[in-house]
Amino acid sequence: MKTFKAYFKKEILEAVRSYKYLILFSGIVFWAIMNPLMIKLMPLLLKNYLPTDLSVLFSEYTIDAAFIDFMGNLFEIGTLVIVFSLMGLISNEVYSKKLVFPYSRGAEPAGFVTAKYIHYMFTISLFILVAFLTNYFYTTRLFEGGTLSIGIVLKSSLLYIIYYALLLSFLIFLSSLFRRGLVVGFSVAILAYSLSIFNRFNIIKAYFPNYLLYKAADLGHVFDNSLIPIFIISFCMIIILIFFSILRMRKIDIA
Amino acid sequence: MIKVANLVKNYRNVEALKAISFEVDKGSVFGFIGRNGAGKTTTMNILTGLIRFNSGKIFIKGKDFLKHKRELVKSVGYLPETPAFYNYMNAYQYLNFMRDIIGFDAEKSGKYIKRLIEMVKLTKQAKRRIGGYSRGMKQRLALAVAFMNNPEILFLDEPASALDPEGRLEMLELIESLKNDRITIFISTHILNDAERVCDKICIIDEGKIILTEDLSQLYKTYIQPIFDIEFEEEPGKEVNRLKKLSWIEGIKRKGRRVSLYIKDIDYAKKEVLKEISKLKVNISSYQIRKSTLEDIFIRIIKK
């Protein structure tokens with residue numbers, strides 16, 4: 000618990016000093032504001048350059064469509080921002096020998112790993128929630144039509160939060176395995192994007208993490224029983240990945 | 000206090016430590032000396048729990064290090080050769096972070112941390128970011144970290160290597176003062192003058208093998224080859240060669256009025272040498288014993 004507290008405080012200080020909060024906030028919340036504005040303003044800006052039939056596509060956006068479009072962009076861009084800003088969470092500390100002092104004075108690997116995970120899980124969750132609510136605020140003012148309600152927004156945001164909590168556990172685990180942050184970053188990014196493929200296969204899609212994102216965009220039925228397997232899988236995966244990260248940090252040579 | 004038996008460490012195909020064994024007494028200063036790459040830092044990293052080892056046994060305070068590692072490292076302070084910090088923190092923030100990890104009373108720690116900063120002479124720079132510190136300043140801060148919570152055992156890896164002459168002197172004085180506090184100090188260095196000044200026991204390691212472990216005073220007795228340098232008022236005659244026949248003299252070198260006697264048995268020689276020289280009936284202008292330094296001994300042992 001001592002190590003957890005020490006590292007939790009240290010992560011907050013580090014995130015402020017290295018502008019990680021700012022980067023994550025911009026990467027996640029930026030799209031919540033920009034996405035509805037772009038959809039709304041695009042037809043006006045491009046009306047002289049686009050054929051009439053294409054500009055109709057932009058003008059027909061409903062609240063629901065604008066919200067789904069935002070979620071798609073958040074996944075594409077937000078994932079990159081999260082993965083590449085947090086890719087060195089553990090590897091940088093090991094590689095630059097910053098753990099020598101804490102470990103030589105009895106720091107607990109469990110406290111070290113969980114402090115990092117919980118800190119960034121809360122940070123990302125908070126920013127996602129803010130982003131979803133911000134987007135809801137703008138889309139409901141800029142667009143008309145659709146079934147979107149605050150309840151649906153909260154449910155969809157929860158699925159995104161679970162998805163990124165799982166992605167973060169992958170990031171932590173790979174960061175404890177590899178010494179180079181870039182290897183971790185690319186591995187997790189490839190994993191995140193490639194798993195989307197499984198959403199095309201109806202029989203198995205419910206067992207892969209990207210199903211959470213698929214269901215978040217299914218505004219009429221965000222929560223249903225089909226989510227139970229992936230909830231269980233995600234929860235178990237997070238526990239397993241964090242457990243193996245701790246195990247790895249117990250066995251690793253620090254100096 | 001520390002007992003190491005048949006410790007082996009391999010890095011893939013390289014044998015870094017080849018079944019080394021030694022013991023460190025409580026409250027003593029143990030000098031671990033050797034060339035670069037001899038295995039000094041590897042040994043220290045193992046003893047501070049930072050890296051694993053392949054085989055062997057380590058006991059600290061009588062407890063098996065592998066079984067009680069987390070408990071034992073709490074009574075150990077470590078000063079690595081190249082300390083790494085979170086560069087965005089200042090000295091206060093880093094020491095507070097380490098205080099949280101070690102877990103001592105936060106209320107008392109404010110004054111204690113201030114005292115530590117004063118002790119390592121970083122008061123003026125304490126609120127500056129560590130990233131802007133010189134190597135010597137980082138070494139001082141590392142020393143403060145090593146001292147936190149009054150450890151029973153201190154591991155100092157090349158503690159004076161980054162310090163200026165004044166800082167080095169202060170470091171040696173500090174180590175000497177810690178001897179009085181019965182803190183066990185394990186110091187690795189290749190500055191042999193420093194080892195000679197502060198250590199009680201010397202362990203020489205070379206290519207992953209312990210060459211010898213000896214009390215410093217015993218080391219001098221065993222490995223010293225004293226030389227008596229005698230200068231006569233006029234060049235002595237051939238009769239000086241008679242000294243060669245004496246059992247306690249190994250050899251003689253003559254150069255003009257100067258004669259050097261290479262001695263086998265120093266204690267005997269101290270009593271007899273003047274008697275024998277007086278028999279030569281040539282006036283002596285000077286007479287002195289040339290003493291081997293730890294550096295001479297180290298070079299002789301390593302060359303063997």
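These protein sequence lines are chains G and H, in that order.
Here numbering that gives the first Met the number 0 is used: position 237 in the first sequence is 236, and no number is missing along the way.
Here numbering that gives the first Met the number 0 is used: position 255 in the second sequence is 254, and no number is missing along the way.
Built from N, CA and C at the ideal position, the CB exists for glycine as well.
**Message:** I want to see whether chain H comes within less than 9 Å of G/Val112, judged by CB atoms only; does it?
**Reply:** no
**Message:** Threshold first: 3 residues or longer. Then list the beta strand (DSSP E) segments lying entirely within the region 98–185 of chain H, N to C.
**Reply:** Whole beta strand (DSSP E) segments, 3+ residues: 152–156.
**Asked** For H/Arg196, which of helix, strand or coil comes out of DSSP?
**Response** H/Arg196: helix per DSSP, three-state reduction.
**Request:** Ignoring anything shorter than 3 residues or poking outside the region 35–105 of chain H, list the beta strand (DSSP E) runs there in chain order.
**Result:** 54–59 and 75–78
**Request:** Anything in chain G within Cβ reach of H/Val23, meaning under 9 Å, just list it in chain order.
**Result:** In chain order: nothing, as chain G lies at least about 17 Å away.
**Request:** Drop a sphere of 10 angstroms on the beta-carbon of H/Gln217, count the other beta-carbons inside from all chains shown, and report buried for 16 or more, exposed for fewer.
**Result:** With fewer than 16 other CB atoms across the displayed protein chains lying within 10 angstroms of its CB, H/Gln217 is exposed.
**Message:** DSSP three-state label for G/Gly144, please.
**Reply:** coil
**Request:** Go ahead and label H/Gln287 buried or exposed: buried means 16 or more other beta carbons lie within 10 angstroms of its beta carbon, across all protein chains shown.
**Result:** exposed
**Asked** What does a CB cutoff of less than 7 Å around H/Met170 pick up in its chain, not counting 5 residues either side in sequence?
**Response** Pro158, Ala159 and Leu162
**Request:** Taking the CB atoms as reference points, tell me whether H/Ile283 and H/Ile226 lie closer together than 9 Å.
**Result:** no
**Message:** Check whether the region 223–231 of chain G and the region 73–87 of chain G are in contact - that is, three or more C-beta pairs closer than 8 Å.
**Reply:** When C-beta atoms of the region 223–231 of chain G are compared with those of the region 73–87 of chain G, fewer than three pairs fall below 8 Å, so the two segments do not count as touching.
**Prompt:** Nearest CA to the CA of G/Leu147: which residue from G/Leu158, G/Tyr163 and G/Ala64?
**Reply:** G/Ala64
**Request:** Would you grab the beta carbon distance between G/Arg178 and G/Val93 for me? Rounded to a whole angstrom, and I think it's under 8 Å.
**Result:** Confirmed, Cβ separation roughly 7 Å.
**Request:** Kindly indicate which three-state DSSP category H/Gly207 falls into: helix, strand or coil?
**Result:** H/Gly207 falls in the coil class under three-state DSSP.
**Message:** Let's see if you can read the secondary structure: which residues bound the alpha helix (DSSP H) around G/Ile81?
**Reply:** Thr78 to Leu85
**Request:** Check distances from the C-beta atoms of the region 47–61 of chain H to those of chain G and list, in chain order, the residues that come in under 9 Å.
**Result:** Thr47, Gly48, Leu49, Ile50 and Arg51
**Message:** Let me confirm a value: G/Asn134 is counted as buried when at least 16 other C-beta atoms fall within 10 Å, else exposed. Which label applies?
**Reply:** buried
**Item:** Spatial distance of H/Arg241 from H/Gly26 (CA atoms)
**Value:** Between H/Arg241 and H/Gly26, the C-alpha separation is close to 50 Å.
**Prompt:** In angstroms, rounded to a whole number, what distance separates the CA positions of G/Ala251 and H/Ile50?
**Reply:** Position check: residue 251 of chain G holds Ile in this sequence, whereas Ala was assumed. Cα to Cα, G/Ile251 sits roughly 7 Å from H/Ile50.
**Request:** Flag H/Gly76 as yes if its beta-carbon sits less than 9 Å from any beta-carbon of chain G, otherwise no.
**Result:** yes
**Request:** Show which residues of chain H have a CB atom less than 7 Å away from the CB atom of G/Arg16.
**Result:** Tyr87
**Contacts around H/Leu65, its chain only, beta-carbon distance under 6 Å, and the 5 residues preceding and following it disregarded** = none
**Request:** Can you give me, in chain order, the residues of the region 98–111 of chain G that have a beta carbon less than 8 Å from any beta carbon in chain H?
**Result:** Residues are counted here when their Cβ sits less than 8 Å from a Cβ of chain H; for the region 98–111 of chain G these are Val99, Phe100, Pro101, Tyr102, Ser103, Arg104, Gly105, Ala106 and Glu107, given in chain order.
**Request:** For G/Leu98, count neighbouring C-beta atoms within 10 Å of its own C-beta (all shown protein chains included) and say buried if the count is 16 or more, exposed if not.
**Result:** Label assigned to G/Leu98: buried.
**Prompt:** Would you call H/Pro164 buried or exposed, if buried means 16 or more other Cβ atoms sit within 10 Å of its Cβ?
**Reply:** exposed
**Message:** Along the region 156–177 of chain G, where does the CB come closer than 9 Å to a CB of chain H? Name the residues.
**Reply:** none
**Request:** Counting only the same chain and skipping the five closest in sequence on each side, list residues whose C-beta sits under 6 Å from that of H/Ser243.
**Result:** Reading off the sequence shown, one finds Lys at residue 243 of chain H, where the question assumed Ser. Close CB contacts of H/Lys243 within its chain, under the 6 Å cut and outside five residues either way in sequence, are with Ile251 (chain order).
**Message:** Would you say G/Thr122 lies against chain H (beta-carbon separation less than 9 Å)?
**Reply:** no
**Message:** So, at 8 Å on beta carbons, what are the nonlocal neighbours of H/Asn5 in its own chain, with the 5 sequence-adjacent residues on each side left out?
**Reply:** Ala18, Ile19, Ser20, Ser54, Gly55 and Lys56
**Message:** So if DSSP puts H/Val325 in a beta bridge, which residue, or which two residues, is it bridged to?
**Reply:** This structure cannot speak to residue 325 of chain H, because chain H is shown only from 0 to 303.
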